[in-house]
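J.: In the order they appear, the protein sequences are chains A and B. FYI, in my numbering the residues of the first sequence are 1 to 463. FYI, in my numbering the residues of the second sequence are 1 to 178. Using N, Cα and C, we set each Cβ at its ideal position, and we do this for glycine too. Note that the coordinates shown come from a computational prediction; the quantities given were computed from them, not determined experimentally.
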Amino acid sequence: MAMPERLYLPLRQHVGVPAEPVVQVGARVHKGQLLARSGGPISAPIHASTSGVIADITEFTAPHPSGLAGPTIILDPDGEDRWGPRNPPADPFSLEPDEIATRVGAAGVVGMGGAAFPSAVKLDSWRRRPIRTLIINGAECEPYLTCDDRLMRERASGVVDGARLMMRALGACQVMLAVEANKPEALASLAEAARDYAYIEVRRLPVRYPNGSAQHLVTLLTGSEVPAGGRSADVGAVVYNVATAHAVYRALVHDEPLLSRVVTVDGGAVTHPGNLEVPLGALVEDLLRAAGGVSGQDRLIIGGPMMGVMLPHARVPVVKGTSGILALSVAETARRPTAPCIRCGRCVQACPCGLVPLEMAARVRTGDLEGAAGYGLEDCINCGACAYICPSFVPLTQYFQHGQGGLKARRAAVRKIEATRLLAERRSARLAREAQRKAEEAAQRKAARQKQQAAKAAKEGAP
Amino acid sequence: MYAIPSVTLLGLGLGLLLAMAARWLRVEGDPLVEELVALMPNSQCGQCGYAGCGIAAEAIARGEAPVTLCPPGGRSLAEALASRLGLSVDLSAVEECPEQLALVDESNCIGCTRCIKVCPTDAIIGGPRQIHVVLRDACTGCGKCVAICPTECLQVHLVTPTLNTWQWPLPASQPAVV
């Protein structure tokens, strides 16, 4: 798509600590220049998507269900799209594992399937336990989304090279490229690109939502189940999205930070739906304009229709984890009033995690979050399968998101109480110590005074 | 003649008995109260209306105060107290107390250090004639500093949700039975 007039780059496009700006307002920057450095061990830097001038660093609406604003760097492109110096390594495939992870981190690569977890942190997971399998997730199981499909069809060799680099960084011995069977072209082009590498296996997955969830993918491909509250690395596998693998390839082979991504623009209200390569920081309204505009839009969603987030308006930027923009028409959204639960149990059958959604929702509704946690509330991946199947249209996913947020807040509050209790106890111990010291000093002074007076009396009495 | 030694002996004997009774038959503090105190924040902030956590715990143990009295403890503390006392409390009626923090209005702070001396959790730092700062992580929002501040520059504010702390609300239209 054409370069928009303004780019809005939120400092927090990833899971973890926000990035810290390193440029001043008014500074001229070239394409790929570092704008904000990583803010901590779990964080990712932000780079200029094109050359231009920093117009402002201010609060701007974030692509988040709350519609709240977050700190954002605003960049006015100069239209030249001028790169800064780049020095790609002579042979990226002979780099040390640490060097690969460092370069991936410096390029600001995060999980591009939606979770946006900093990729370099995951590349270090071999330090805790050996990683056997690298899984490249091309399942793309959500309806509407086709951005990964297009990427695999058109840039399969980049995906394969990225996967080889990550395998080297992780010390894994095999790579599985997992694609759902409804994408035959992508399967064919990946198989072609991976033909020369015996350790890369292209796996055809059954078409079933949510096979693209990392935990379900690991179980499907390796047969081992990720423990509750654990990560896939706990069973010796690490999962990356195909777009992440491609970004790693660009970062290592061409020394390009993550500056753009493929985004699906779809939905009944979009005039010309399709996949666009979008500079990070472009507004959703720019994308919709590039897709020929919208008519009869009922709901605007960022992400997929199952797990995506409803947007309050179109002046929200595309970030690293944005896979799709859906402008749904009235016919697609079907708002129906919620009816009482009839305990039919369809949600229990639908739940891919083996949970009991109706019992969890009943407990969340009455505020019994611990009870809901006992039913596995924290293992819920919010896939939305239960809410989709519910004949009473109970917004189950929202109950679970509310409950998970409440549990997190409660845990944080308990930690804070523990911390402040410690502070209060230390303070009272300190006050007691001070009081004792003062009393001792007073006693000493009193004794000294008495001694002095006694000496004085003796002196006066002597002559 | 016998009066003096007999009364002296009687006095000594009774004194010894009393000393022994004080040592061996000492009445210990109510163990239930001690357990409740261990659950409570112990910052002695006084937001519940009692002078300190120990006194509040005694009132709870006697059944004079509800288990939901502690604002900083919130719902989780109410649940813990209720389960310890074997009470069933309708916790859905208990509003999760919104988090609040004290904040210094820097244009008004004269650096008198009075707030630093009363803060039960040492959450305020600063020196004489230096602008004071409240440490977010240590402040319980008890408001003791607000009462003592001579220039009213310390005020307790509700914490507005950020992208980090925002939570999904419960669905608006709730069905009759779930």
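Taking Cβ to Cβ, would you say leucine 163 of chain B is nearer than 8 Å to leucine 68 of chain A?
T.: Yes. Within cutoff.
J.: Decide if valine 263 of chain A is buried, meaning its Cβ has at least 16 other Cβ atoms within 10 Å, or exposed.
T.: Its Cβ being crowded by 16 or more others within 10 Å, valine 263 of chain A is buried.
J.: Per DSSP, what kind of secondary structure is tyrosine 8 of chain A in: helix, strand or coil?
T.: DSSP places tyrosine 8 of chain A in strand when its eight states are reduced to three.
J.: Tell me the rounded alpha-carbon separation between glycine 52 of chain A and leucine 423 of chain A.
T.: Going from the Cα of glycine 52 of chain A to the Cα of leucine 423 of chain A covers about 50 Å.
J.: According to DSSP, is glutamate 201 of chain A helix, strand or coil?
T.: It is a strand residue.
J.: Determine the DSSP secondary structure at glutamate 80 of chain A, reduced to helix, strand or coil.
T.: DSSP places glutamate 80 of chain A in coil when its eight states are reduced to three.
J.: Using a beta-carbon distance cut-off of less than 7 Å, what residues from the segment 396-408 of chain A approach chain E?
T.: Going by chain labels, chain E is absent from the structure shown, which instead holds the protein chains A and B.
J.: Phenylalanine 93 of chain A bridges to which residues according to DSSP?
T.: Per DSSP, none; premise fails for phenylalanine 93 of chain A.
J.: Are threonine 50 of chain A and methionine 1 of chain A touching if we call contact CB-CB under 8 Å?
T.: Their beta carbons are not under 8 Å apart, which means threonine 50 of chain A does not touch methionine 1 of chain A by this criterion.
J.: Please state the DSSP three-state secondary structure of isoleucine 302 of chain A.
T.: Note: isoleucine 302 of chain A maps to strand in three-state DSSP.
J.: Using 10 angstroms around the beta-carbon of histidine 157 of chain B, count the other beta-carbons present and answer buried if the total reaches 16, otherwise exposed.
T.: Exposed, since its Cβ has fewer than 16 Cβ neighbours within 10 Å.
J.: If you follow the alpha helix (DSSP H) that glutamate 435 of chain A is in, where does it begin and where does it stop?
T.: Correcting the residue identity first, residue 435 of chain A is alanine in this sequence and not glutamate. Here the alpha helix (DSSP H) through alanine 435 of chain A covers 396-461.
J.: Given a threshold of 16 other Cβ atoms within 10 Å of its Cβ, counted over all protein chains shown, does threonine 160 of chain B qualify as buried or as exposed?
T.: So threonine 160 of chain B ends up on the exposed side.
J.: Please check if any C-beta of chain A sits within less than 8 Å of the C-beta of asparagine 42 of chain B.
T.: With 8 Å as the cut-off, asparagine 42 of chain B counts as an interface residue toward chain A.
J.: Which residues in chain B have a C-beta closer than 8 Å to the C-beta of glutamate 425 of chain A? List them in chain order.
T.: In chain order: Asn42.
J.: What is the DSSP secondary structure of leucine 103 of chain B, counted as helix, strand or coil?
T.: It is a strand residue.
J.: If we ignore side chains and look at the alpha-carbon of each, how far apart do glutamate 418 of chain A and alanine 412 of chain A end up?
T.: Approximately 10 Å, taken between the alpha carbons.
J.: Using DSSP's beta-bridge definition, name the partner residues of histidine 47 of chain A.
T.: Answer by DSSP bridge pairing, in chain order: A:Leu34.
J.: Below 7 Å on C-beta distance, what does arginine 231 of chain A contact in chain B?
T.: Those within 7 Å of arginine 231 of chain A in chain B number zero; the least Cβ separation is about 21 Å.
J.: Please report whether the beta-carbon of serine 6 of chain B lies at a distance below 8 Å from any beta-carbon of chain A.
T.: Not closer than 8 Å to any Cβ of chain A, the Cβ of serine 6 of chain B fails to qualify, so no.
J.: Between the Cα of glycine 84 of chain A and those of A:Gln33, A:Ser125, A:Ile57, spot the shortest distance and give me the residue it belongs to.
T.: The shortest Cα separation from glycine 84 of chain A among A:Gln33, A:Ser125, A:Ile57 belongs to A:Gln33.
J.: Give a yes or no on whether the C-beta atoms belonging to valine 319 of chain A and proline 63 of chain A are separated by under 8 Å.
T.: Yes, these two residues count as a Cβ contact at 8 Å.
J.: May I ask you to report which of helix, strand or coil DSSP gives valine 67 of chain B?
T.: Reduced to three states, the DSSP call for valine 67 of chain B is coil.
J.: What are the boundary residues of the beta strand (DSSP E) that includes alanine 237 of chain A?
T.: Per DSSP, alanine 237 of chain A belongs to the beta strand (DSSP E) from 237-241.
J.: For glycine 74 of chain B, decide whether its Cβ has a neighbour in chain A, counting only Cβ atoms nearer than 8 Å.
T.: Cβ-Cβ to chain A under 8 Å: yes for glycine 74 of chain B.
J.: Ignore the nearest five residues each way along the sequence and tell me which others in glycine 171 of chain A's own chain have a CB closer than 6 Å to its CB.
T.: Closer than 6 Å at the Cβ level, and outside the excluded window around glycine 171 of chain A, lie Trp126.
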